[in-house]
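J.: Handing you a structure now.
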Amino acid sequence: MKRKLLTALLGLFTAALWAQEDQSATPKLIEQRKHELRLDALEALAVPNIEISYEYVLSRYSGVGTSVSFSLDQDFDEYQAWALTPFYRQYFFNKKEFGARGFFVEGLLKIAGGTEENFDYLVTIDGPTTEIVTRENWFNAGIGIALGQKWVSNNGFVFELSLGGGRYLIDDQDGPEAFLRGGVLVGYRF
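One gets the working numbering by counting positions in the sequence shown from 1 and adding 20 to each.
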């Protein structure tokens with residue numbers, strides 16, 4: 021009887037130690053992961069545009085990174101053909117051992133370019149009206165802010181929702197004056 025009781029207690033003790041090892045090892049593995057790659061699924065599905073983001077986790081409360089965006093359709097070039105967006109994020113209300121998740125505020129710079137189509141009409145007295153279309157390339161740089169929420173699973177899967185915008189600083193009459201930032205992003209932390 022003592023042998024069975026001793027074996028049962030030893031088994032429980034071993035299982036408890038093993039469970040503690042697994043629980044303490046999981047956050048440490050995630051905590052060591054500092055790099056994140058994300059793809060904006062909303063832009064890829066709704067607009068023929070690809071946006072890829074990289075973020076380096078500085079601490080559990082902050083991260084720094086950049087996004088690269090390019091259009092896959094010339095009709096979308098009027099809004100933006102390409103963009104480079106470096107950003108800094110500050111995370112709030114983060115109570116997990118591994119950070120850079122939860123509610124965040126993002127400060128960003130945006131460098132972008134595209135093509136603006138201008139329509140003019142030539143009207144003659146006796147003839148038909150002629151439409152003249154000119155295309156002007158534009159380039160601009162601006163600053164902005166975004167708010168969002170990021171979730172990170174224990175295995176490193178990332179899901180993010182964000183929305184924001186900003187204003188271009190260069191007075192380019194061919195391009196837009198402001199921009200939007202945000203989307204539905206999916207990715208992985210490694």
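Just so it is clear, CB atoms sit at the ideal spot from N, CA and C, and this is done for glycine as well.
G56 and V204: beta carbons closer than 7 angstroms?
T.: A small fix is needed here, since residue 56 is Glu in this sequence, not Gly. Result no, Cβ atoms of E56 and V204 do not sit closer than 7 angstroms.
J.: Provide the residue span of the alpha helix (DSSP H) that contains A161, from first to last.
T.: From DSSP, A161 is part of no alpha helix (DSSP H) but of the beta strand (DSSP E) over T150 to V172.
J.: Quick one: measure Cβ to Cβ for G202 and S182, integer angstroms, because I've assumed they're closer than 8 angstroms.
T.: Going by Cβ atoms, the distance from G202 to S182 rounds to 5 angstroms, so yes, they are a contact pair.
J.: Tell me whether E63 sits in a helix, a strand or coil according to DSSP, three-state version.
T.: Residue state, collapsed to three classes: helix.
J.: What ranges does the beta strand (DSSP E) occupy inside the region 181 to 210, keeping only unbroken runs of at least 3 residues that lie completely in it?
T.: Taking only runs of at least 3 residues, the beta strand (DSSP E) segments lying wholly in the region 181 to 210 are 198 to 209.
J.: E126 and A61 - do their beta-carbons sit closer together than 7 angstroms?
T.: No, these two residues do not count as a Cβ contact at 7 angstroms.
J.: Would W158 and D194 qualify as a contact pair, given that the criterion is a beta-carbon distance under 7 angstroms?
T.: Yes, the pair counts as a contact, with Cβ atoms nearer than the cut-off.
J.: Pull up the DSSP beta-bridge partners for P106, would you.
T.: P106 is bridged to T86.
J.: For F139 versus G168, is the C-beta spacing smaller than 7 angstroms?
T.: Cβ atoms of F139 and G168: not closer than 7 angstroms.
J.: DSSP on D140, reduced to helix/strand/coil?
T.: The answer is strand: DSSP assigns D140 an E or B state.
J.: Closest to Q94 by C-alpha separation, out of V77, N160, Y81 and R155, would be which residue?
T.: When only C-alpha atoms are compared, the closest one is R155.
J.: Rounded C-beta distance between A103 and S89? I'm assuming under 8 angstroms.
T.: Confirmed, Cβ separation roughly 4 angstroms.
J.: Which residue comes first and which comes last in the beta strand (DSSP E) that contains L78?
T.: Segment N69 to S79, the beta strand (DSSP E) holding L78.
J.: Using 7 angstroms as the threshold, is the C-beta distance between R121 and G162 below it?
T.: No. Outside cutoff.
J.: For I145, which beta-bridge partners are listed by DSSP?
T.: According to DSSP, which records beta bridges pairwise, I145 is partnered with nothing at all.
J.: Whole angstroms is fine: what's the gap from Y141's alpha carbon to G147's?
T.: Distance between the alpha carbons of Y141 and G147: 13 angstroms.
J.: Might you give, ordered along the chain, the residues of its own chain that have their beta carbon closer than 6 angstroms to the beta carbon of E63, omitting 5 neighbours on each side?
T.: Excluding positions up to five away in sequence, the list reads N69, E71 and G203.
J.: Compare the Cα-Cα distances from F107 to each of I145, I152, Y74 and G85 and report the closest residue.
T.: Measuring from the Cα of F107, the nearest candidate turns out to be G85.
J.: Which partner residues does F124 have in the DSSP bridge list?
T.: Per DSSP, Y111 and G168.
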